[in-house]
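The structure appears below as structure tokens.
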Amino acid sequence: MGRNDAIVHNVRFYNPEPRAIHCMALENNKLALSRSDNSIEIWAVEHMPHLQKVIINVSSNTIEGLKWYESRLFSCGLDGCIVEYDCFNESVLNTTPVIGGPAWCLDVHKKSKLIACGTEDGYINIMEITPDSLQHYKFLDKQQGRILCICWEKTGQHLVTGSSDVIRVWNVEKGHAIHKMMTGRSHNDKETIVWSLCITSDFTIISGDSRGYLCFWDGKLGTQIENFKSHEADIFSVILSEDESLVYCAGVDPLIAIYGRLQENTGSRRKWAKGGNRRIHDLDVRSLALSEGRLFSGGVDGCLTLSAFAPRVLVKFPPLLKSPCVKLVPSKRYLMLRYLSHVELWKLGNPTPHQGASDSLIRLSESETLILLLKAREKDVVISSSVSVNGKFIAYSTNTEIRFFKLSVEHNSSLIKLPDESDCGPCRLIEFYQVNKRQFCAVVTKNNEIHIMEVGESGPDVVHTIKPKENELLTDTVSHLVTTADGSFLVAADCSSNVVIWSMSNWSHYCSLPRYKAAITALAVNNRNNCVVVSYSDFKTVEFSIKEKKYTELSKSLGTELKNYIHSPVKNITFDHRRNSSLIVHDDFSICVLNDTEVMNGSESKMPKMNDSVAVEKECEEKVNFNLIKKQKHLVSVDWLDGDEMVIVSVCPLKLAESYPPAFDRKRFIK
129 MGRNDAIVHN VRFYNPEPRA IHCMALENNK LALSRSDNSI EIWAVEHMPH LQKVIINVSS
189 NTIEGLKWYE SRLFSCGLDG CIVEYDCFNE SVLNTTPVIG GPAWCLDVHK KSKLIACGTE
249 DGYINIMEIT PDSLQHYKFL DKQQGRILCI CWEKTGQHLV TGSSDVIRVW NVEKGHAIHK
309 MMTGRSHNDK ETIVWSLCIT SDFTIISGDS RGYLCFWDGK LGTQIENFKS HEADIFSVIL
369 SEDESLVYCA GVDPLIAIYG RLQENTGSRR KWAKGGNRRI HDLDVRSLAL SEGRLFSGGV
429 DGCLTLSAFA PRVLVKFPPL LKSPCVKLVP SKRYLMLRYL SHVELWKLGN PTPHQGASDS
489 LIRLSESETL ILLLKAREKD VVISSSVSVN GKFIAYSTNT EIRFFKLSVE HNSSLIKLPD
549 ESDCGPCRLI EFYQVNKRQF CAVVTKNNEI HIMEVGESGP DVVHTIKPKE NELLTDTVSH
609 LVTTADGSFL VAADCSSNVV IWSMSNWSHY CSLPRYKAAI TALAVNNRNN CVVVSYSDFK
669 TVEFSIKEKK YTELSKSLGT ELKNYIHSPV KNITFDHRRN SSLIVHDDFS ICVLNDTEVM
729 NGSESKMPKM NDSVAVEKEC EEKVNFNLIK KQKHLVSVDW LDGDEMVIVS VCPLKLAESY
789 PPAFDRKRFI K
């Protein structure tokens with residue numbers, strides 16, 4: 129092999145189960161979405177979307193509605209409760225039962241601080257949002273049949289609800305329905321279900337129903353203005369643009385249709401017309417959200433999709449677990465894979481001596497082996513896992529507790545559960561490190577404290593606790609945790625882009641990086657030069673010297689140049705240990721290698737075809753030296769074993785598709 133060549137282990141046996149997206153809520157560049165396993169994800173979407181937080185919900189009933197009120201998140205579901213979440217600690221904060229059985233929908237009127245919820249038995253529960261809880265405000269008249277969608281009118285004086293065959297307009301003060309608008313049926317024996325509603329400032333009600341009709345109603349008079357046969361099947365989601373000039377709708381027929389408001393001076397009796405469509409999903413679209421012209425969509429395939437026009441943007445984020453879900457132990461060739469309900473530990477195979485071409489396949493003299501499979505307790509969800517530097521200790525945490533094990537595979541394989549008296553509770557991050565062959569573990573608890581534990585034969589022992597919130601070093605949920613190889617420094621970052629470095633010798637605050645506007649997507653330490661590398665959601669990447677407490681010259685060169693090479697935020701950062709200055713980053717399907725010690729000419733520098741700007745290309749050539757390697761979707765992790773061996777973990781899209789239900793059978797040709 130050449131000096132720069134490496135043997136690559138393509139790990140394709142990591143197959144996490146995809147989870148469908150049920151509903152979404154967007155406010156202040158925070159996108160909350162619920163999945164089919166009842167978990168709630170919170171994404172930062174101010175720049176490129178990035179998954180920041182995951183709230184585990186152990187309820188067996190699905191979440192049917194999500195809404196923000198300022199920075200507070202509420203949901204309703206089939207358990208008949210409105211739930212408020214603690215987004216800082218990623219947990220349930222309050223649960224308020226509603227009258228009328230399962231709750232199908234909710235909406236918030238921010239000015240009046242009221243939340244309305246529709247139920248199975250036809251009750252509309254209105255509650256007042258107080259600083260620390262919800263208080264029952266009033267009930268409206270009981271209607272016949274379930275309420276499947278609900279929406280406040282802009283002034284807060286009226287509510288609009290959708291049910292089977294009917295849309296009702298309610299006077300909130302009097303508690304009565306003032307208009308009852310019948311939708312009609314396509315077949316006499318099949319009811320029409322109104323799935324989604326939105327309302328304009330002039331009280332035009334827009335509905336999507338099970339016939340595939342998009343209907344416009346006059347909320348003041350209670351009459352239909354016009355309707356469109358928009359889809360071939362149910363419309364699950366209808367949303368309105370910020371300026372109320374566009375309507376987006378989608379559903380079982382995954383086509384996203386766009387309708388625009390006509391100008392009043394056109395002379396036409398029609399007020400709305402179809403303006404186009406986007407075919408970016410193959411399966412049902414369950415929910416839509418819109419922010420500054422950027423459309424977010426999600427459904428049965430579990431992919432969060434960002435699409436926009438002018439400029440044209442289309443980025444899909446697969447339904448993978450929040451990083452880190454892969455851990456590598458180079459000295460033992462161990463690979464740990466985290467799933468929702470279990471953890472797998474593999475030993476990678478050994479390649480045969482290779483003398484052929486650099487791009488040829490290499491046989492293994494010893495195949496990979498599944499050493500261990502650890503299952504969580506029933507209904508528990510694995511949220512983090514790791515393995516020690518020497519491969520002797522394993523830790524994983526569920527949403528209820530953290531567990532430590534001692535592993536021995538040399539003679540008779542054995543796994544011993546270690547006693548744990550640390551009382552840490554569940555931990556969202558686990559990071560092992562080694563000092564003079566002593567094994568230590570840093571964990572982040574659910575209340576965002578950092579515990580440093582020494583792990584030995586007798587179990588973990590807490591030696592120090594860092595409480596970053598008390599001195600306001602970290603002000604939000606801890607999102608990243610790494611240590612230097614020698615255990616001298618601990619680096620942590622939060623969801624508000626604060627990065628803090630502690631000295632482990634005296635457990636003191638060493639320094640903090642300047643806070644940046646964008647969310648942190650990846651963080652790593654280069655142990656060759658003790659530099660921290662941070663990547664942000666706007667593609668800005670910086671390198672910070674721990675010793676000198678300042679940004680390096682490389683930071684000035686990097687800037688946001690990565691956006692010319694990759695299309696989604698950096699997932700992980702690693703380093704070529706054979707070189708001091710070789711930086712490797714990757715997104716969902718590309719690996720980008722930076723080596724600032726060599727100079728490339730224009731013909732050697734690989735630029736994506738999507739970038740046609742000669743000026744940008746020349747500017748990039750002067751600043752940095754990138755090599756782009758395009759792989760198949762979906763990359764999960766890129767890391768190094770000892771020597772010239774690299775490990776690339778990816779999820780095969782076909783494996784994800786195997787668990788999808790059949791797609792909607794759309795008739796493309798008519799006899």
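In case it helps, this note's numbering puts the sequence shown at residues 129 to 799. Where is the CB? At the ideal position from N, CA and C, for every residue including glycine.
Taking the Cβ atom as the reference point for each residue, do V590 and F560 lie within a distance shorter than 7 Å? no
So, at 6 Å on beta carbons, what are the nonlocal neighbours of F356 in its own chain, with the 5 sequence-adjacent residues on each side left out? Cβ within range, chain order: L342.
How far does the beta strand (DSSP E) with P225 in it extend, from its first residue to its last? DSSP places P225 inside the beta strand (DSSP E), whose first and last residues are 219-225.
If you draw a straight line from the C-alpha of I629 to the C-alpha of I384, how long is it? 46 Å
Around the Cβ of S329, are there at least 16 other Cβ atoms within 10 angstroms (buried) or fewer (exposed)? exposed
Report, in whole angstroms, the separation of the C-beta atoms of A244 and I254, which I expect to be a contact under 8 Å. Going by Cβ atoms, the distance from A244 to I254 rounds to 5 Å, so yes, they are a contact pair.
Quick one: give me the first and last residue of the beta strand (DSSP E) that P588 is part of. 587-594
Nearest-angstrom Cα distance between K783 and I210? 36 Å
To the nearest angstrom, how far is the alpha carbon of A378 from that of D293? D293 has its alpha-carbon roughly 20 Å from the corresponding atom of A378.
Buried or exposed, going by whether 16 or more other CB atoms sit within 10 Å of the CB of N634? exposed
Where L349 sits in the DSSP three-state scheme: Here L349 sits in coil by DSSP.
Evaluate contact between the stretch 458-470 and the stretch 432-448, counting only Cβ atoms and requiring at least three cross-stretch pairs below 8 Å. no
Residue burial classification, R505 (beta-carbon count within 10 angstroms, cutoff 16): exposed
Starting from A785, trace the beta strand (DSSP E) in both directions and tell me its first and last residue. Run containing A785: none in the beta strand (DSSP E); it sits in the alpha helix (DSSP H), 781-786.
Measuring CB to CB, does L154 end up less than 7 Å from S419? yes
Run through DSSP, which three-state label would K450 get? coil
Report the rounded CA-to-CA distance for I367 versus G336, giving the unit in angstroms. 10 Å
Check each candidate in Y788, D767, H714, D772 and name the one with the smallest Cα separation from N755. H714
Applying the criterion that 16 or more other CB atoms from any shown protein chain within 10 Å of the CB defines a buried residue, is Q285 buried or exposed? exposed
With a threshold of 8 Å, are at least 3 pairs of Cβ atoms found where one atom belongs to the stretch 565-585 and the other to the stretch 594-601? yes
Going by Cα to Cα distance, which pick from G205, K239, D770, K241 is closest to I227? G205
Assuming the contact rule is C-beta atoms closer than 8 Å, L651 and V610 should be a hit. Round their C-beta distance to whole Å, please. 6 Å
In chain order, what residues of the same chain have a beta carbon less than 8 Å from the beta carbon of D412, not counting five sequence neighbours either side? F364, G379, V380, P382, G427, V428, F792
Are the stretch 495-512 and the stretch 168-175 touching by the rule of at least three beta carbon pairs closer than 8 Å? no
Taking L498 as part of the beta strand (DSSP E), name the residues at either end of that continuous run. Taken as a continuous stretch (DSSP letters only), the beta strand (DSSP E) holding L498 covers 497-503.
Can you confirm whether E582, when its beta carbon is compared against all beta carbons of chain D, has any partner nearer than 7 Å? The structure shown has no chain D; it contains just one protein chain.
For G430, which of N143, W768, S164, L711 has the nearest alpha-carbon? S164
Quick one: grab the DSSP three-state call for E685. Per the sequence presented here, residue 685 reads as Ser, with Glu not at that position. Residue state, collapsed to three classes: helix.
R406 bridges to which residues according to DSSP? I384
With which residues is K678 paired in a DSSP beta bridge? In the DSSP output, where bridge partners are listed per residue, K678 has S673.
Go through its chain and collect everything with a Cβ distance to S240's Cβ below 7 Å, but skip five positions before and after it. G284
Using alpha carbons as the reference points, say which of D346, G312, I275 lies closest to S324. I275
Give me whichever residues DSSP pairs with V517 in a beta bridge. The partner list for V517 (beta bridge, DSSP) is empty, contrary to what the question assumes.
Proximity winner among Y376, S314, D604, A401, relative to S415 (alpha-carbon distances): Y376
Does DSSP put L818 in a helix, in a strand, or in coil? No statement about residue 818 is possible, as the shown extent of the chain runs from 129 to 799 and does not include it.
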